[in-house]
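Chemist:
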Amino acid sequence: MVPCYPSSEPTSCLHGQGRPGLPPPLCPCPLCSCQPHLVPQVDRSVGGLVAQQQCVGPLQTPLADVAVVALSHQELVGAATALGEQPIKSLLDPKVAARLAVAEALTNLVFALVTDLRDVKCSGNWMWAAKLAGEGAALADACEAMVAVMAALGVAVDGGKDSLSMAARVGSETVLAPGSLVISAYAVCPDITATVTPDLKCPGGRGHLLYVPLSPGQHRLGGTALAQCFSQLGEQPPNLDLPDNLVRAFSITQGLLKDRLLCSGHDVSDGGLITCLLEMAFAGNCGIKVDLPASGVDVLPVLFAEEPGLVLEVQEPDLAQVLKRYQDAGLHCLELGRTGHFGPQAMVQVSVDGTVVIEEPVGQLRALWEDTSFQLDRLQAEPSCVAEEERGLRERTGPRYCLPPTFPKASVPHEPGGPTPRVAILREEGSNGDREMADAFHLAGFEVWDVTMQDLCVGAIKLDTFRGVAFVGGFSYADVLGSAKGWAAAVTFHPQAGAELRRFRKRPDTFSLGVCNGCQLLALLGWVGGSPSEEEGEKGQDSWTAQPGLLLRHNLSGRFESRWASVRVGPGPALMLRGMEGAVLPVWSAHGEGYMAFSSPELQAQIEAKGLAPLHWADDDGNPTEQYPLNPNGSPGGVAGICSLDGRHLALMPHPERAVRLWQWAWRPPPFDTLTTSPWLQLFINARNWTQEGGC
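In terms of full-length UniProt numbering, the sequence shown opens at residue 1 and continues consecutively.
1. If you follow the alpha helix (DSSP H) that THR691 is in, where does it begin and where does it stop?
2. Between GLY611 and VAL569, what straight-line distance do the alpha-carbon atoms span, to the nearest angstrom?
3. In angstroms with no decimal places, state the Cα-to-Cα distance between GLY265 and ASP65.
4. Going by DSSP in three states, TYR401 sits in which element: helix, strand or coil?
5. Short of 6 Å in beta carbon distance, which residues of its chain neighbour GLY540, apart from the five on each side in sequence? Order them along the chain.
6. Need the endpoints of the alpha helix (DSSP H) that MET453 sits in, please.
7. Does the distance from the CB of GLN327 to the CB of GLY340 come in under 9 Å?
8. Report all residues from its chain with a CB closer than 6 Å to the CB of ALA504; omit the five preceding and five following residues, and keep chain order.
9. What residue ranges within the UniProt domain "FGAR-AT PurM N-terminal-like" (38–187) form continuous beta strand (DSSP E) runs of no fewer than 3 residues, ordered along the chain?
10. Tell me whether the beta-carbon of VAL56 lies closer than 9 Å to the beta-carbon of THR197.
11. Can you round the beta-carbon distance between MET146 and LEU181 to whole angstroms, since I take them to be within the 8 Å contact cut?
12. Using a Cβ-Cβ distance cut-off of 9 Å, determine whether TYR628 contacts chain E.
13. GLY430 and GLU498 - do their beta-carbons sit closer together than 9 Å?
14. Classify GLU316: buried if its beta carbon has 16 or more other beta carbons within 10 angstroms, exposed otherwise.
15. Give the straight-line distance between the Cα atoms of MET453 and ALA194, rounded to the nearest whole angstrom.
16. For TRP588, collect the residues of the same chain with a Cβ closer than 7 Å to its Cβ; drop the 5 residues on either side in sequence, then sort them by chain order.
17. Taking the alpha carbon of ILE358 as the reference point, which residue from ILE288, VAL469 and LEU221 has its own alpha carbon closest?
18. Which whole-angstrom value describes the C-beta separation of ALA70 and GLN86, a residue pair presumed to lie in contact below a C-beta threshold of 8 Å?
19. If we count the other Cβ atoms within 10 Å of its Cβ and call it buried at 16 or more, is GLY493 buried or exposed?
20. Do you know offhand how far LEU575's Cα is from TRP617's?
21. Under 9 Å between the Cβ atoms of GLY204 and PRO404?
22. Looking at the structure shown, is GLU538 part of a helix, part of a strand, or coil, going by DSSP?
23. Report buried or exposed for VAL440, applying the criterion of at least 16 other Cβ atoms within 10 angstroms of its Cβ.
24. Between LEU513 and the rest of its own chain, which residues show a CB-CB distance below 6 Å, the 5 nearest in sequence each way excluded?
25. Report the CB separation of LEU652 from LEU615 in whole angstroms; it is logged as a contact under 8 Å.
26. Who are PHE493's beta bridge partners in DSSP?
27. List the endpoints of the continuous beta strand (DSSP E) containing VAL290.
28. Is it true that the CB of PRO36 sits closer than 9 Å to the CB of GLU370?
29. Based on DSSP bridge pairs, tell me the residues matched to SER557.
30. Near TRP449, which residues of its chain fall below 8 Å by C-beta distance, leaving aside the five closest residues on each side in sequence?
31. Closer than 8 Å is the cut-off here; do at least three beta carbon pairs connect the stretch 115–132 with the stretch 272–289?
32. Short check: CB of VAL39 to CB of SER562, under 9 Å?
33. What first and last residue would you give for the alpha helix (DSSP H) that runs through PRO36?
34. Do the CB positions of LEU226 and LEU91 come within less than 9 Å of each other?
35. Closest to PHE446 by C-alpha separation, out of ALA105, TRP690, ALA148 and ALA177, would be which residue?
36. Could you give the C-beta distance for LEU117 and SER251, rounded to a whole number, given that I count them as a contact under 8 Å?
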């Protein structure tokens, strides 16, 4: 039998190894490296109910400890979920691995406000080669340990699954995978806005860094990332020795969340205390200056022991109160140091008992941390795009959003007794962006109707009484033959549906919005992206069979891109963007075919000159950009949206409807953190205002 894990030499032989100033777990270990090769490839904003996804901070670093979703668009109650797993520790002690998996899940979950620790339920997923000699007994030991620690903590398993064939025959050998338990903890979240993320938010010494160890005085290295970096396993793994410490720490931290006394927080897990501190600095693009107490312990165990614990950032006025709350609960709470300056050149200085062991710029250390992921990314995406992102992260400070003084203050107009304009949220088979689009228009004061293409095809709904149509995002007909091709064919070749939309388009009192898949559709139909001179001559005549002047092709990266990107609103006739000119705002982007391919450079120049490209992807300075991933699809000139010559029809690749509520935003720096209404709501209010003004 061949185990797929390193030797079990004692970790005492690690002492003194490694280059000074270079933490070994930041080199090759995937457990401790950044994960951008995974996160941007899935839609993290679809549905408009996601309050906390994987990425945090100015550079959108994938470090979030807990996921939070709202139960509806109209309320702040939701659900929080977090994961825990420690398979390498099971090679030394299956019981310890089970206890640590539970501890990791809860020290992740603690950073979202939940109703009570006793309300937390868990799903336990077992991956174990239980049929092999000794493995069944190890699985039983792990299960008993999990049940015991959950009973002590007051949480419970209410489901799960198992995969008990975690071994493979290779030639004459059996390759055995480590036994694994993945804990998924979940609970009701009474306030989805009370979540705390790991990115440091108070640079310039305004943030104090606190450490709450749950197994104080312990610095065991068995099964840690440090041991793996030296192809070793060690002897004694970390452990949750005192479950009651976790119960008390969970309660105190939840109280601090409720009182808004924490700026950021992160759990100590893979890579140990040093990795936790560095990850917080990386996510905040911020330096730190900390001094870790050793108390006679060697440097490496102090830095890299993976004993469960919490690291918190608090501001000066709240420091004494936070320290007192933990200490009054009988917990250790140590002040390690402060935040440093902001930006990639800010210094990270880590000392152990007064001796400096790390002193390097945060950008340089972050590049080391991200290197493993970028190597993997080059195998699955366009290498030039990966290299461009890697270069950019070495220099970026973060986006600078802008609301010009002339930006309207969002307020929904209501005329007592006046008619409420109707908008049709039009979806096709495979559409998935209808719920958030409906919420955005409802918030702006529209009477929202859910309309399917089948409704139009059979004549069940007529558009004569509708002032607007929103073509939503998604993957209509699974993008067979290309994005929106099936949807466009349904519109073009079905006599009933085609005639209905043609009549709607010709009416001068109507508007339309196409987002993502809807943008691709409007381009194929010729509602946007045609020659301005031809459009001016047609004045609404049918041009459905004409060759489109604009097609949406695959992103230059060669893959689906989910990004929290910046866009700049420019001047133009688009009625839904009136008064928003000059604003630089963040917005969700989620598409695989967003590259705007104009039929000729001359057409693009005409469109730009007429102001028919009113939205552009923006760099950190707010200027139109083609730089990846600030421009997630590579569109020439940074074009992100197109409108018709009369401004009534607007097609956008980004998703403003997923950012009309501030809790949907992935990052809000000052002064945007004090806003009470999302600026993106103005886009939908503009449509409402236009209908009230007569809309012609």
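Glycine included, each C-beta is placed from N, C-alpha and C at the ideal position.
Modeler: From the atom records:
1. As a working mapping, residue 691 is identified with position 691 in the sequence shown. Unbroken alpha helix (DSSP H) run through THR691: 681–692.
2. The residue given as residue 611 occupies position 611 in the sequence shown. The residue given as residue 569 occupies position 569 in the sequence shown. Whole-angstrom Cα-Cα distance: 11 Å.
3. Translated into positions along the sequence shown, residue 265 becomes position 265. Translated into positions along the sequence shown, residue 65 becomes position 65. Spanning the two alpha carbons is a distance of roughly 9 Å.
4. On the sequence shown, residue 401 is found 401 positions in, with the first residue counted as 1. Correct three-state label for TYR401: coil.
5. Indexing the sequence shown from 1 puts residue 540 at position 540. The predicted position of GLY540 is uncertain, since its pLDDT is 42 and thus under 50; a value taken from the coordinates is nonetheless stated next. These residues qualify, in order along the chain: LYS506.
6. Working through the sequence shown from its first residue, we reach residue 453 at position 453. Note, MET453: alpha helix (DSSP H), 453–457.
7. The sequence position of residue 327 within the sequence shown is 327, counting from 1. The sequence position of residue 340 within the sequence shown is 340, counting from 1. The answer is no: Cβ separation not under 9 Å.
8. As a working mapping, residue 504 is identified with position 504 in the sequence shown. Looking at the sequence shown, residue 504 is not Ala but Phe. Only LEU463 and THR510 meet the Cβ criterion.
9. 50–52, 67–70, 78–85, 121–127, 156–163, 167–170 and 173–176
10. As a working mapping, residue 56 is identified with position 56 in the sequence shown. As a working mapping, residue 197 is identified with position 197 in the sequence shown. Their beta carbons are under 9 Å apart, which means VAL56 touches THR197 by this criterion.
11. Position 146 of the sequence shown holds residue 146. Position 181 of the sequence shown holds residue 181. Between LEU181 and MET146 the Cβ distance is about 7 Å, and since that is below 8 Å, they are a contact.
12. Here there is only one protein chain, and chain E is not present.
13. Within the sequence shown, the letter at position 498 stands for residue 498. Within the sequence shown, the letter at position 430 stands for residue 430. It should be pointed out that residue 498 corresponds to Gly in this sequence rather than to Glu. The answer is no: Cβ separation not under 9 Å.
14. Working through the sequence shown from its first residue, we reach residue 316 at position 316. It is exposed - the Cβ of GLU316 has fewer than 16 other Cβ atoms within 10 Å.
15. Locating residue 453 in the sequence shown gives position 453, counting from the first residue. Locating residue 194 in the sequence shown gives position 194, counting from the first residue. So the alpha carbons of these two residues sit roughly 40 Å apart.
16. Working through the sequence shown from its first residue, we reach residue 588 at position 588. Once the five neighbours on either side are set aside, the close Cβ partners of TRP588 are SER45, TRP564, PRO654, HIS655, ARG658 and ALA659.
17. By one-based count along the sequence shown, residue 358 stands at place 358. Just measuring C-alpha positions, the residue of ILE288, VAL469 and LEU221 sitting nearest ILE358 is ILE288.
18. Locating residue 70 in the sequence shown gives position 70, counting from the first residue. Locating residue 86 in the sequence shown gives position 86, counting from the first residue. The Cβ separation is near 31 Å, so there is no contact.
19. Locating residue 493 in the sequence shown gives position 493, where the first residue counts as 1. Reading the sequence as shown, one finds Phe at residue 493 and not Gly. So PHE493 ends up on the exposed side.
20. Numbered from 1 along the sequence shown, position 575 holds the residue referred to as residue 575. Numbered from 1 along the sequence shown, position 617 holds the residue referred to as residue 617. Computed Cα separation, rounded: 20 Å.
21. Within the sequence shown, the letter at position 204 stands for residue 204. Within the sequence shown, the letter at position 404 stands for residue 404. Cβ distance not < 9 Å, so GLY204 and PRO404 don't count as in contact.
22. On the sequence shown, residue 538 is found 538 positions in, with the first residue counted as 1. Interpretation of GLU538 is limited by its pLDDT of 49, a score under 50 that renders its predicted location unreliable; the figure taken from the coordinates is listed afterwards. DSSP places GLU538 in helix when its eight states are reduced to three.
23. What you label residue 440 is simply residue 440 of the sequence shown in a count that begins at 1. Inspection of the sequence shows that residue 440 is occupied by Ala rather than by Val. Answer is buried; the Cβ neighbour count reaches 16.
24. Locating residue 513 in the sequence shown gives position 513, counting from the first residue. Closer than 6 Å at Cβ, skipping near neighbours: ALA470 and LEU650.
25. On the sequence shown, residue 652 is found 652 positions in, with the first residue counted as 1. On the sequence shown, residue 615 is found 615 positions in, with the first residue counted as 1. Indeed they touch by this definition, with Cβ atoms about 6 Å apart.
26. Translated into positions along the sequence shown, residue 493 becomes position 493. Beta-bridge pairing links PHE493 to no other residue.
27. By one-based count along the sequence shown, residue 290 stands at place 290. Residues 286–292.
28. Stepping through the sequence shown from its first residue, residue 370 is reached at position 370. Stepping through the sequence shown from its first residue, residue 36 is reached at position 36. Going by C-beta atoms, GLU370 is nearer than 9 Å to PRO36.
29. Position 557 of the sequence shown, counting from 1, holds the residue named residue 557. Looking at the DSSP assignment, SER557 forms no beta bridge with any residue, so it has no partner.
30. Taking the first residue of the sequence shown as 1, we reach residue 449 at position 449. Same-chain partners within the cutoff: ARG422, VAL423, ALA424, ILE425, ILE461 and PHE466.
31. Touching, no.
32. Taking the first residue of the sequence shown as position 1, residue 39 is located at position 39. Taking the first residue of the sequence shown as position 1, residue 562 is located at position 562. Yes, these two residues count as a Cβ contact at 9 Å.
33. Numbered from its first residue, the sequence shown carries residue 36 at position 36. Boundaries for PRO36: no alpha helix (DSSP H) harbours it, and the DSSP string shows neither H nor E there.
34. Along the sequence shown, read from residue 1 onward, the residue named residue 226 stands at position 226. Along the sequence shown, read from residue 1 onward, the residue named residue 91 stands at position 91. In this structure, LEU91 does not lie closer than 9 Å to LEU226 by Cβ.
35. Within the sequence shown, residue 446 is the residue found at index 446, counting from 1. Cα-wise, what sits closest to PHE446 is TRP690.
36. Here residue 117 is taken as the residue at index 117 of the sequence shown, counted from 1. Here residue 251 is taken as the residue at index 251 of the sequence shown, counted from 1. LEU117 to SER251, Cβ: 7 Å. Contact.
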